[in-house]
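In my numbering, the protein residues as written are 1069 to 1307.
The structure under discussion appears below in the form of structure tokens.
Here it is in structure tokens:
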């Protein structure tokens, strides 16, 4: 009898096979058909002994922006992240009661008998035997979100149109695409297209954000902008 993780990963692999161009590995449905980026639907798993949350998010791994971000800051950061729980109103396939949080249990009946959760919590729980159609819904919603939020007709179009534009599904959830490390990544994306002014404008105190800016990381980018300008002027591109 396999672990919850092994069983769930096997189901995910089966589901991925139903969608051309997609596969499953390391907790993500992935599409590598683009040369410049990997498209991913990260499932947000966090396995305990008998359960895991299912908290899907779109992750876009654009190779050049991520390489520059890591070179400057020493850690990895996806180019773009949009969590399903931030845009539940844009989801069409996942059941409404599971759009913000879902728990997958190895044995839901056992949980109900041994330590019954509240009625509200029960509505967000499914047994692993019920997970296949939910995971299909995750993939369907994920693909639809990627098509809606990103311009993938070319690499330049993708970068120029970052960050993705949407209205959060709750007044309590801020639009955070210019916040923290996401804001730094937008600066990098703009720089890769030759828009170097954006980083200076973003760094300025007049550019307001909800959370404090990552000033050290922004300044690391500003330090190499003269070098990036030379590269861009020579090749109309930044390697």
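C-beta atoms are modelled at their ideal positions from N, C-alpha and C, and glycine is treated no differently.
Check, Outcome
"Inter-residue Cα distance where the pair is residue 1226 and residue 1219", "5 Å"
"Length of the line joining the Cα atoms of residue 1150 and residue 1086", "23 Å"
"Cβ-Cβ distance between residue 1125 and residue 1112 below 8 Å", "yes"
"Of the residues 1181, 1242, 1110, 1237, the one placed nearest residue 1093, counting alpha carbons only", "1110"
"Residue 1161 versus residue 1206 - alpha carbon distance", "7 Å"
"Paired residues, beta bridge with residue 1121 - DSSP", "1171"
"Alpha-carbon to alpha-carbon, residue 1122 and residue 1271", "36 Å"
"Which listed residue (1172, 1294, 1230) has its alpha carbon closest to that of residue 1061", "Lying before the first or after the last residue shown, residue 1061 is absent from the chain, which here runs from 1069 to 1307."
"Residues of its chain near residue 1277, where Cβ-Cβ distance is below 7 Å and the 5 sequence neighbours each way are ignored", "1246, 1247, 1251"
"Which of helix, strand or coil DSSP assigns to residue 1133", "helix"
"Length of the line joining the Cα atoms of residue 1165 and residue 1234", "21 Å"
"Cβ neighbours of residue 1209 in the same chain (closer than 6 Å, five flanking residues each side left out)", "1159, 1161, 1162"
"Extent of the continuous beta strand (DSSP E) run through residue 1195", "1193 to 1195"
"Straight-line Cα distance separating residue 1299 from residue 1075", "49 Å"
"Euclidean distance between Cα positions of residue 1183 and residue 1078", "28 Å"
"First and last residue of the uninterrupted alpha helix (DSSP H) at residue 1303", "1283 to 1303"
"Selected residue, minimal CA-CA separation from residue 1130, among 1156, 1120, 1146", "1146"
"Residue span of the alpha helix (DSSP H) that contains residue 1254, given as start and end", "1248 to 1260"
"Delimiting residues of the alpha helix (DSSP H) encompassing residue 1081", "1072 to 1084"
"First and last residue of the uninterrupted alpha helix (DSSP H) at residue 1216", "1199 to 1217"
"Cβ-based burial, residue 1176 [other Cβ within 10 Å; buried from 16]", "buried"
"Segment limits, alpha helix (DSSP H) that includes residue 1182", "1176 to 1182"
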